[in-house]
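Residue numbers (this note's numbering), protein chains in the order written: chain H, 1 to 343; chain D, 1001 to 1277.
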């Protein structure tokens, strides 16, 4: 029995091999895994769907940074997505057709808005945080629909045709695909670095117990605010890409009721892991693109699945994959260990 | 001018009905109950069933609608919220949000998504000089005042009320006295649901009835609770009427911006008063 206990903590050969790989190369393997995954599902689904999936995954990662890592549940992340989409679209329409500049401004304005609102929002926690975000999202939706109607064209929305930039012709689907995949990988890399840095550990500690972090001497308000701004800016990137992908912006990109989608995606994938956000994003998009046709009562389905997740399935898909991996790993390790003992 | 003030009082009264439940559930259970939207909306739809399909009188339909909400509130508390006590607040919020989603879809399934028109059930006007005020709105304000005083009596004089007020201040302390706090919490929850239904039933004739009507109202009431202070009954009363005034005065000059102005007021309050929740 004692042997079993010891062997449980013994890493397997495979895991050991993986740990032997230098850290840089391990990052590269992660990258390749994400890229090949999206390339592999492209022939199964169609290319424009996969572009959608990837944009949604970027959005889900921005939400995961807030909820999974910092423990602040936002029900208004669509506001920043919508801001990114509208600013990007308006820039292309009125100022300059350069898509890269438009994306830059989309990100910058979403970040700026997050900076301003973050000063108020970040003071609160828990459900209060969620509802204040929702309230601001409501204001944004209203502003776009009604007072800014002359610019945003209200419910009708407007077309966004970005000009070609050398070989970067975002109108052509394969180029858009590669571009969005690159954006996804960059965001993934950035968030990976960020969350595994001391800063990432700090925000995870804020999730666990903010008061103690403050006792240690950190200005938690600043870090929470910074995380909020980063999450807003990444959501803005997702919004800009949405606008360029559909060549069209309308208030749906800021819809208050759409927030539940990203919450669902993050929870079903497993909050607190970037891979969880990716897996959850893909699962949600598959459900909403392919199964929604068969599910007549869509909101009821979402509601019951959320209840199920909250009561029975908190680790999410990625959490279970991890546990399965650990289980297999320790089992194999145990066998090997016992063989050695026998010899 | 007077009718604007009066309109503000009406809105404030409605906001007060709905915010009490929100404020009480937050104060006792530390839970923001998103399912409040659904008790509110279902109350209105039950009223509509009686008024439209059974051709009953408004008053008895309203009372029946409020009574019908009470068991629904109990079921939500017993089977969803009580299971999540002591866990992360986010999970409770997500669970209540899920209930709201299910409820909205159930309403669309049963009653359809099209809005229902509901006319003023009293229909009389009170004329003072050149000013005419609808009787119905006066009744709403009177009900709100009556409710405020009777709730005050309830919380000050009855045993149940005293226990609830004590639990607002110190839940653990009350539990240490050997009182089953959960039972009182579920009473608070049912009371809150009933009052939300009352607010909905009274508000329905002067607003539009559609499945998503709960969300906007919940956000407004949330602003009321933030401004008035969580679990603070008098604060909720005052802030409901103050924000009602904000809404009606904004609506006078800029009709679409009324709700937005409430959130701006809430943001200003949040800037100046830090809240630790």
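Ideal Cβ positions, reconstructed from N, Cα and C, are used throughout, including at glycine.
Of all the CB atoms in chain H, is at least one closer than 7 Å to the CB of residue i?
i	result
residue 1272 of chain D	no
residue 1094 of chain D	yes
residue 1258 of chain D	no
residue 1102 of chain D	yes
residue 1024 of chain D	no
residue 1168 of chain D	no
residue 1090 of chain D	yes
residue 1076 of chain D	no
residue 1144 of chain D	no
residue 1003 of chain D	no
residue 1032 of chain D	yes
residue 1019 of chain D	no
residue 1219 of chain D	yes
residue 1196 of chain D	no
Find the nearest neighbour of residue i within the set the options, judged by alpha-carbon distance.
i	options	result
residue 107 of chain H	H/67, H/43, H/291 and H/241	H/241
residue 1219 of chain D	D/1006, D/1203 and D/1015	D/1015
residue 1263 of chain D	H/235, H/325 and H/142	H/142
residue 1234 of chain D	D/1085, D/1096 and D/1150	D/1150
residue 261 of chain H	H/220, H/306 and H/251	H/306
residue 72 of chain H	D/1174, D/1091 and D/1205	D/1091
residue 1046 of chain D	D/1156, D/1174, D/1194 and D/1027	D/1194
residue 1269 of chain D	H/132, H/51, H/74 and H/38	H/132
residue 323 of chain H	H/184, H/86, H/270 and H/152	H/270
residue 136 of chain H	H/212, H/160, H/64 and H/116	H/116
residue 1012 of chain D	D/1255, D/1211 and D/1236	D/1236
residue 84 of chain H	H/290, H/168 and H/243	H/243
residue 148 of chain H	D/1239, D/1257, D/1156 and D/1055	D/1257
residue 125 of chain H	H/112, H/114 and H/66	H/66
Looking at residue j and residue i, is the spacing between their C-beta atoms short of 7 Å?
i	j	result
residue 134 of chain H	residue 82 of chain H	no
residue 1221 of chain D	residue 1088 of chain D	no
residue 1265 of chain D	residue 1039 of chain D	no
residue 1041 of chain D	residue 1213 of chain D	yes
residue 177 of chain H	residue 41 of chain H	no
residue 1079 of chain D	residue 1032 of chain D	no
residue 78 of chain H	residue 258 of chain H	yes
residue 1205 of chain D	residue 1118 of chain D	yes
residue 310 of chain H	residue 1095 of chain D	yes
residue 1231 of chain D	residue 1027 of chain D	yes
residue 1142 of chain D	residue 1202 of chain D	no
residue 234 of chain H	residue 187 of chain H	yes
residue 139 of chain H	residue 1260 of chain D	yes
For the alpha helix (DSSP H) holding residue i, just list the boundary residues, first then last.
i	result
residue 143 of chain H	126 to 145
residue 1111 of chain D	1089 to 1111
residue 1060 of chain D	1058 to 1076
residue 1121 of chain D	No alpha helix (DSSP H) contains residue 1121 of chain D, which DSSP labels as neither H nor E.
residue 252 of chain H	Per DSSP, residue 252 of chain H belongs to no alpha helix (DSSP H) and is neither H nor E.
residue 260 of chain H	259 to 269
residue 1003 of chain D	1002 to 1029
residue 207 of chain H	198 to 208
residue 313 of chain H	It is not in any alpha helix (DSSP H) - residue 313 of chain H carries neither H nor E in the DSSP assignment.
residue 1195 of chain D	1181 to 1203
residue 1206 of chain D	Premise fails: residue 1206 of chain D is in no alpha helix (DSSP H) and is neither H nor E.
At what residues does the beta strand (DSSP E) containing residue i begin and finish?
i	result
residue 1132 of chain D	1131 to 1134
residue 1125 of chain D	1125 to 1128
Should residue i be flagged as near chain D, meaning a C-beta pair shorter than 7 Å?
i	result
residue 203 of chain H	no
residue 297 of chain H	yes
residue 62 of chain H	no
residue 142 of chain H	yes
residue 232 of chain H	no
residue 139 of chain H	yes
residue 148 of chain H	no
residue 300 of chain H	yes
residue 127 of chain H	yes
residue 303 of chain H	yes
residue 307 of chain H	yes
residue 291 of chain H	no
residue 310 of chain H	yes
residue 130 of chain H	yes
Segment contact flag, the stretch 1117 to 1129 of chain D with the stretch 1095 to 1109 of chain D, C-beta cutoff 8 Å, min 3 pairs: No, the stretch 1117 to 1129 of chain D does not touch the stretch 1095 to 1109 of chain D.
At least 3 beta-carbon pairs within less than 8 Å: the stretch 277 to 293 of chain H vs the stretch 50 to 67 of chain H: With the rule of 3 Cβ pairs closer than 8 Å, the stretch 277 to 293 of chain H counts as touching the stretch 50 to 67 of chain H.
Meets three-Cβ-pair contact criterion under 8 Å: the stretch 269 to 276 of chain H and the stretch 90 to 102 of chain H: Three or more Cβ pairs closer than 8 Å define a contact, and the stretch 269 to 276 of chain H falls short of that threshold against the stretch 90 to 102 of chain H.
Meets three-Cβ-pair contact criterion under 8 Å: the stretch 1157 to 1164 of chain D and the stretch 1172 to 1184 of chain D: Flag = yes, the stretch 1157 to 1164 of chain D and the stretch 1172 to 1184 of chain D touch.
Any 3 or more C-beta pairs closer than 8 Å across the stretch 113 to 122 of chain H and the stretch 1238 to 1253 of chain D: Of all C-beta pairs linking the stretch 113 to 122 of chain H to the stretch 1238 to 1253 of chain D, fewer than three are shorter than 8 Å, placing the two stretches out of contact.
Contact between the stretch 245 to 255 of chain H and the stretch 200 to 220 of chain H (3+ Cβ pairs under 8 Å): A contact between stretches requires three or more CB pairs, one per stretch, nearer than 8 Å, and the stretch 245 to 255 of chain H fails this requirement with the stretch 200 to 220 of chain H.
Stretch-stretch touch, CB-based, cutoff 8 Å, three pairs: the stretch 34 to 48 of chain H with the stretch 153 to 165 of chain H: Look at the beta carbons and you see the stretch 34 to 48 of chain H not touching the stretch 153 to 165 of chain H: under three pairs across the two are nearer than 8 Å.
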